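Accompanying notes for the structure given below.
Chains as they are written, first to last, in our numbering: chain R, 1 to 312; chain E, 1001 to 1312.
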């Protein structure tokens, strides 16, 4: 794997995604003590960075694979991203979702022409159903975060950020399934000679933090939860090695710190970000004395929130 | 008055304001049928375009006037804008506010170092109190919208928009006190040979619409109100002649149309805009068949909302 792969991936996905703007805020600079550069993937198509990885994964299929479609299990942004990316490329997308998924999430997939296939809600039931679709329909399974092409695709956000701001000392990324932070780490490695990548993770779901400690993929306790619903997933065997080798460290944040960071971004920057997006900024605020006067990029991962249920 | 004045004003205020980004949205283009360019003054300092006019008004004072400070009556964005602009320039700002103004609005002024002077809540009581401050302290009175320097300052938003997008056929601006739309109309006149300016106004407060019909400044009925609280003001003798001569027409919108347009912007563009900002977009949507395939700029005037009281 090398720099050239990311350059090619970026060329390939470019026509299908937005080059999102990088916003700054003097007020948030003052509050944090650092020079912040927010990469606004909440302005990405369908409202999240997931569009990058989904698009690249489909573009990397051959003609025969494209004819048979793609399948994934996700009830969040990746389900929508794969549906929309597939629609734009004339490919069929099968989305395995738990029967009890909220109707609003089902509707979002339907709006983007994804075909929902219901399963029981346990992770194993969802995986089995996706495997069944793969076997019976010949659709290619695309994992939301543990897939090389998805990881490369997600890395294009940080690549653009470093192209716009080569002076960055750090990039903060939220950590959920590991696709975004692994891609970000690759981009930093290939397109900067100094930029370090730091993860922000909810303390309630600190599997990635513990995985870096133990050196093997850890899971979360049954029943643990976080307001950052996009991060309720664990690392995988494709992204963990990249993270282990290239991510400086992970900072864990409490639920109230996530909500406070989210509120700051809404009120001061006037942009809509989902709780998962606020985790990276919350991590910076938590240890802000260590990043004083540094140039810090922050990946705003998405902006899909239910306006009827805000945490503030 | 000519083009040169606006160029000089822009040069003068530039160091003190943000050059706000212009955002686009394929989804909103699809919904409206036009090519939309949103000038995001919600990202302006203190969250609204008012910062431009307030800054220019203070910068146009002489040294003696600056020493004695400025005074205005406003309980909204202009109070905050004048306070913040004055603070940055080392000038004292006296803000006349009704005793019963919400504490959150008072706090916003105090945060920016403005000195609040309480009055009764009628327009006349507020004007009299401002006049008293002017007489007793020698502070220069600056009207929120009916002041030449304020009008020129507000016009710099459309000037930047046309610099970025000279291809615009129309610019839509909300109409409240008339400062923004008058400045916008001057910018379109001087920096485009084809761009027309159209106002969006709440039907409930359609004084500007009626003023254009009758040819003289009209007022609103006692007790009328609108969710677009920034627009609950009437035109003045400085801005009305400019509007009469240079604004193509005004489109009136219902309250539910304002809320629907605001929700579309929040959900689709992922930016926080106040109801007044949504009025211009609502006006376009109302008559969208007339603007099909046109290049349309929309001034997003501000993003100061109370997140605890959203209309959706």
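Where a beta carbon is used, it is the ideal one built from N, C-alpha and C, also for glycine. Here the structure is a predicted model, which is why all the values come from computation and not from measurement.
Should residue i and residue j be called a contact, given that it needs their Cβ atoms to be closer than 8 Å?
{"i": "residue 1145 of chain E", "j": "residue 1112 of chain E", "result": "no"}
{"i": "residue 230 of chain R", "j": "residue 274 of chain R", "result": "yes"}
{"i": "residue 22 of chain R", "j": "residue 161 of chain R", "result": "yes"}
{"i": "residue 1235 of chain E", "j": "residue 1207 of chain E", "result": "yes"}
{"i": "residue 42 of chain R", "j": "residue 302 of chain R", "result": "yes"}
{"i": "residue 101 of chain R", "j": "residue 114 of chain R", "result": "no"}
{"i": "residue 39 of chain R", "j": "residue 258 of chain R", "result": "no"}
{"i": "residue 80 of chain R", "j": "residue 104 of chain R", "result": "no"}
{"i": "residue 1071 of chain E", "j": "residue 1130 of chain E", "result": "yes"}
{"i": "residue 1202 of chain E", "j": "residue 1228 of chain E", "result": "yes"}
{"i": "residue 1097 of chain E", "j": "residue 1118 of chain E", "result": "yes"}
{"i": "residue 1250 of chain E", "j": "residue 1212 of chain E", "result": "yes"}
{"i": "residue 260 of chain R", "j": "residue 200 of chain R", "result": "no"}
{"i": "residue 24 of chain R", "j": "residue 37 of chain R", "result": "yes"}
{"i": "residue 1152 of chain E", "j": "residue 1003 of chain E", "result": "no"}
{"i": "residue 139 of chain R", "j": "residue 68 of chain R", "result": "yes"}
{"i": "residue 149 of chain R", "j": "residue 60 of chain R", "result": "yes"}
{"i": "residue 1276 of chain E", "j": "residue 1123 of chain E", "result": "no"}
{"i": "residue 1196 of chain E", "j": "residue 1248 of chain E", "result": "yes"}
{"i": "residue 210 of chain R", "j": "residue 218 of chain R", "result": "yes"}
{"i": "residue 180 of chain R", "j": "residue 49 of chain R", "result": "yes"}
Less than 8 Å between the CB atoms is what I'm expecting for residue i and residue j, so what's the real figure, rounded?
{"i": "residue 198 of chain R", "j": "residue 172 of chain R", "result": "5 Å"}
{"i": "residue 165 of chain R", "j": "residue 126 of chain R", "result": "Not really, about 39 Å apart at Cβ, beyond 8 Å."}
{"i": "residue 246 of chain R", "j": "residue 226 of chain R", "result": "Residue 246 of chain R to residue 226 of chain R, Cβ: 24 Å. No contact."}
{"i": "residue 266 of chain R", "j": "residue 1307 of chain E", "result": "6 Å"}
{"i": "residue 1032 of chain E", "j": "residue 1310 of chain E", "result": "Their Cβ separation, rounded to whole angstroms, is 23 Å, which puts residue 1032 of chain E and residue 1310 of chain E out of contact at 8 Å."}
{"i": "residue 268 of chain R", "j": "residue 28 of chain R", "result": "6 Å"}
{"i": "residue 280 of chain R", "j": "residue 262 of chain R", "result": "Not confirmed; about 11 Å, so no contact."}
Going by DSSP, which residues form a beta bridge with residue i?
{"i": "residue 142 of chain R", "result": "DSSP lists no partner for residue 142 of chain R."}
{"i": "residue 73 of chain R", "result": "R:96"}
{"i": "residue 1250 of chain E", "result": "E:1199"}
{"i": "residue 310 of chain R", "result": "Residue 310 of chain R is not bridged to any residue."}
{"i": "residue 39 of chain R", "result": "R:22, R:299"}
{"i": "residue 1242 of chain E", "result": "The partner list for residue 1242 of chain E (beta bridge, DSSP) is empty, contrary to what the question assumes."}
{"i": "residue 1118 of chain E", "result": "E:1097"}
{"i": "residue 48 of chain R", "result": "R:302"}
Nearest CA to the CA of residue i: which residue from the options?
{"i": "residue 304 of chain R", "options": "R:44, R:283, R:136, R:149", "result": "R:44"}
{"i": "residue 157 of chain R", "options": "R:246, R:4, R:53", "result": "R:53"}
{"i": "residue 142 of chain R", "options": "R:311, R:26, R:58, R:195", "result": "R:58"}
{"i": "residue 1238 of chain E", "options": "E:1067, E:1167, E:1177", "result": "E:1177"}
{"i": "residue 1137 of chain E", "options": "E:1065, E:1122, E:1191, E:1307", "result": "E:1065"}
{"i": "residue 1317 of chain E", "options": "E:1169, E:1088, E:1121, E:1019", "result": "No statement about residue 1317 of chain E is possible, as the shown extent of chain E runs from 1001 to 1312 and does not include it."}
{"i": "residue 1290 of chain E", "options": "E:1233, E:1225, E:1261, E:1169", "result": "E:1169"}
{"i": "residue 1051 of chain E", "options": "E:1256, E:1174, E:1087", "result": "E:1087"}
{"i": "residue 1193 of chain E", "options": "E:1216, E:1217, E:1069, E:1167", "result": "E:1167"}
{"i": "residue 1292 of chain E", "options": "E:1030, E:1154, E:1085", "result": "E:1030"}
{"i": "residue 107 of chain R", "options": "R:220, R:209, R:90, R:76", "result": "R:76"}
{"i": "residue 11 of chain R", "options": "R:256, R:159, R:223, R:252", "result": "R:159"}
{"i": "residue 63 of chain R", "options": "R:16, R:224, R:90, R:219", "result": "R:90"}
Cβ-heavy atom distance between residue i and the ligand SAM below 7 Å?
{"i": "residue 29 of chain R", "result": "Absent from the structure shown: the ligand SAM. Ligands present: none."}
What beta strand (DSSP E) runs, 3 residues minimum, are completely inside the stretch 150-176 of chain R? As far as the stretch 150-176 of chain R is concerned, its whole beta strand (DSSP E) runs of at least 3 residues are 170-174.
At 3 residues or longer, what runs of the beta strand (DSSP E) sit wholly inside the stretch 270-301 of chain R? Correct list: 295-300.
List in chain order: all unbroken alpha helix (DSSP H) runs of 4+ residues lying wholly within the stretch 182-233 of chain R. Qualifying alpha helix (DSSP H) stretches, in chain order: 207-214.
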